[in-house]
Amino acid sequence: MSTSSKQYFDILLVEDNPADVRLTIEALNDLKSEKRLFVAKDGEEAIDFVKGEGEFIGARRPDLILLDLNLPKKNGLEVLEELKSDPEYKRIPVVVLTTSGSERDIIATFNLHANSYIQKPVEYDNFLEAMDTLRIYWFKTSRLPPR
Numbered sequence: 001m002s003t004s005s006k007q008y009f010d011i012l013l014v015e016d017n018p019a020d021v022r023l024t025i026e027a028l029n030d031l032k033s034e035k036r037l038f039v040a041k042d043g044e045e046a047i048d049f050v051k052g053e054g055e056f057i058g059a060r061r062p063d064l065i066l067l068d069l070n071l072p073k074k075n076g077l078e079v080l081e082e083l084k085s086d087p088e089y090k091r092i093p094v095v096v097l098t099t100s101g102s103e104r105d106i107i108a109t110f111n112l113h114a115n116s117y118i119q120k121p122v123e124y125d126n127f128l129e130a131m132d133t134l135r136i137y138w139f140k141t142s143r144l145p146p147r
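In this text, residue positions in the sequence shown follow the UniProt record's numbering: the first is 1, and each later residue adds one.
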C-alpha cells in the first residue's frame, strides 16, 4: 500500500441519543482513526442503511456496526436478529454499545450472534479508552470479512 492511500473503515453507529452520538464522534475523532462514521437514529434506519434501501440507496455496506439496544421503531435486538438471520448481512460484525449492564440483555445479544458487548462507560476518559480498544481490536488486530 502506498503512503498516499489509506484504508478507511465504514462504521455505522445506530444511536438515537444525540449526546451519545456526539460523544462517540468526539472519541473516534480524538483517536484519529481512519474511519467514516455514519449514523442511523433508529432501528429501521439502520436496516435501510445496511441494505442500501430508502434514503440510503447506494450506501456502502458498513465494516462494523455499533448498535445501541434502546432504539425507537425497531429496537437493537430486533435489528440484530434481522441482520444475523440474513445470509447477506450476518457476517457484518455488530458490537452492542449500550448503557445496559443487564445480564438478560447480554445473554439475548449473544444468543442473536452479536460479536461483542460493551457497556458504555460514563466518564469520557473511560469511554475514550473503550473506543480505542474497540478500534485496535476491530481495525488493527482482527481481520474483517470482505464486503
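For each residue, glycine too, the CB sits at the ideal point set by N, CA and C.
CA-CA distance, Ser116 and Val94? Within the sequence shown, numbered from 1, the residue matching residue 116 stands at position 116. Within the sequence shown, numbered from 1, the residue matching residue 94 stands at position 94. So the alpha carbons of these two residues sit roughly 7 Å apart.
With Ala40 as the anchor, note down where its beta strand (DSSP E) starts and where it stops. Position 40 of the sequence shown holds residue 40. Ala40 -> beta strand (DSSP E) spans 35 to 40.
Rounded straight-line distance, which links the Cα of Ile65 to that of Asn75: Within the sequence shown, residue 75 is the residue found at index 75, counting from 1. Within the sequence shown, residue 65 is the residue found at index 65, counting from 1. One C-alpha to the other measures close to 14 Å.
Tell me, to the nearest whole angstrom, how far the beta carbon of Asp48 is from that of Pro72; I am working on the premise that it is less than 8 Å. Stepping through the sequence shown from its first residue, residue 48 is reached at position 48. Stepping through the sequence shown from its first residue, residue 72 is reached at position 72. Actually they are not in contact, since the Cβ atoms of Asp48 and Pro72 sit about 14 Å apart, beyond 8 Å.
Quick test of your reading: Asp10 and Arg60, contact by CB under 8 Å. State the CB separation rounded to the nearest angstrom. Reading the sequence shown from its first residue, position 10 is the one you call residue 10. Reading the sequence shown from its first residue, position 60 is the one you call residue 60. Contact flag correct, Cβ pair sits at about 5 Å.
For a test of the three-state rule: what should DSSP assign to Asp63, helix, strand or coil? Here the question's residue 63 lines up with position 63 in the sequence shown. In this structure, Asp63 counts as coil in the three-state DSSP scheme.
Boundaries of the alpha helix (DSSP H) in which Phe9 is found, first to last residue: Translated into positions along the sequence shown, residue 9 becomes position 9. Here Phe9 belongs to no alpha helix (DSSP H); instead the beta strand (DSSP E) covers 9 to 14.
Span of the beta strand (DSSP E) holding residue 149? Because the chain in this structure spans residues 1 to 147, residue 149 falls outside the shown range and cannot be described.
What residue range does the alpha helix (DSSP H) around Leu80 cover? For this step, residue 80 is matched to residue 80 along the sequence shown. Counting along the chain, the alpha helix (DSSP H) containing Leu80 begins and ends at 76 to 84.
Supposed contact pair Leu12 and Thr24 - C-beta distance, whole angstroms, cut 8 Å: Here residue 24 refers to the residue found at position 24 when the sequence shown is read from its first residue. Here residue 12 refers to the residue found at position 12 when the sequence shown is read from its first residue. In fact, because the Cβ distance is near 11 Å, the residues do not count as touching under 8 Å.
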